[in-house]
Amino acid sequence: GESVGLHLPTLSVQEGDNSIINCAYSNSASDYFIWYKQESGKGPQFIIDIRSNMDKRQGQRVTVLLNKTVKHLSLQIAATQPGDSAVYFCAETRAAYKYIFGTGTRLKVLA
Amino acid sequence: DGGITQSPKYLFRKEGQNVTLSCEQNLNHDAMYWYRQDPGQGLRLIYYSQIVNDFQKGDIAEGYSVSREKKESFPLTVTSAQKNPTAFYLCASSITGATDTQYFGPGTRLTVL
Chain A
1 GESVGLHLPT
11 LSVQEGDNSI
21 INCAYSNSAS
31 DYFIWYKQES
41 GKGPQFIIDI
51 RSNMDKRQGQ
61 RVTVLLNKTV
71 KHLSLQIAAT
81 QPGDSAVYFC
91 AETRAAYKYI
101 FGTGTRLKVL
111 A
Chain B
112 DGGITQSPKY
122 LFRKEGQNVT
132 LSCEQNLNHD
142 AMYWYRQDPG
152 QGLRLIYYSQ
162 IVNDFQKGDI
172 AEGYSVSREK
182 KESFPLTVTS
192 AQKNPTAFYL
202 CASSITGATD
212 TQYFGPGTRL
222 TVL
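Top line first, the protein sequences correspond to chains A and B.
Under the numbering used here, read the first sequence as residues 1 to 111, first letter to last.
Under the numbering used here, read the second sequence as residues 112 to 224, first letter to last.
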């Protein structure tokens, strides 16, 4: 399998519990943020995004929270399922073609 | 079935060889990107293209080359000048080059023998 993510921080949660994955972003001028999910050996999959004029956005089972004061982004996954096991990373951008990607957090769902 | 395709999934290169990675999209997106992913690091931008027949260097362009002759296609050539090419290569596209969502292909794993 793909070796990306070998040395990432890991979050282990019980199946059915809620997961919270955090991301500290680097630039206070960033105005668009994206969360991606990446399974081993596959390309990143878009989960949810948020613009800087919002504090919270909800999708299906996922919520993204943005705290611009402390430059913090979080992804909440409700009722975590085994299929949620993957590496999750955030991306920020403040200008065209200038995306900054985080290194990611590995989520392990325990049965 | 719309999306981004990359081929091959796995590629092996001998020292001194050039290899080309394919990326095709049928999303009618203007902008396309190539990233490199290494363990423990965030994605790093190699090249990007805003429009057909135009492309720009990213943060780590040395040892790589691209072309954008068609809107749907953005192939990446890893030349022998790239000293550490073993990595996972990801192609992405977005509607425009502005602050849009980037959608990724499945990736190509390149290994130097």
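Ideal Cβ positions, reconstructed from N, Cα and C, are used throughout, including at glycine.
Taking 8 Å as the cut-off, the Cβ atoms of Lys125(B) and Leu221(B) do not count as close. Identification of chain B residues near Lys42(A) by a Cβ-Cβ cut-off of 8 Å yields Pro217, Gly218, ordered along the chain.
Each residue's CA atom was taken as its position, placing Thr80(A) and Phe101(A) some 24 Å apart.
When 9 Å is used as the limit between beta carbons, Ala172(B) is near no residue of chain A, the shortest such separation being about 13 Å. Distance check between Val189(B) and each of Glu173(B), Glu183(B), Leu154(B), Lys168(B) places Glu173(B) closest, using alpha-carbon atoms only. Between Ser191(B) and Thr197(B), the alpha-carbon positions lie close to 12 Å from each other. Of the residues assessed, Lys37(A) falls on the buried side of the cut-off, its CB having 16 or more other CB atoms within 10 angstroms.
The DSSP-derived three-state label of Asp84(A) is helix. For Tyr158(B), no CB of chain A lies under 8 Å from its own CB, so it is not counted at the interface with that chain. With its beta carbon less than 8 Å from one in chain A, Gln213(B) belongs to the interface. Apart from sequence neighbours up to five positions away, the residues of its chain that approach Ser178(B) with a beta-carbon distance below 7 Å are Pro186, ordered along the chain. Take Leu156(B), set aside five residues on each side of it, and the residues of its chain with a beta-carbon closer than 8 Å to its own are Tyr144, Trp145, Tyr146, Gly169, Asp170, Ile171, in chain order. Within chain A, the C-beta atoms nearer than 7 Å to that of Leu154(B) come from Phe101, in chain order.
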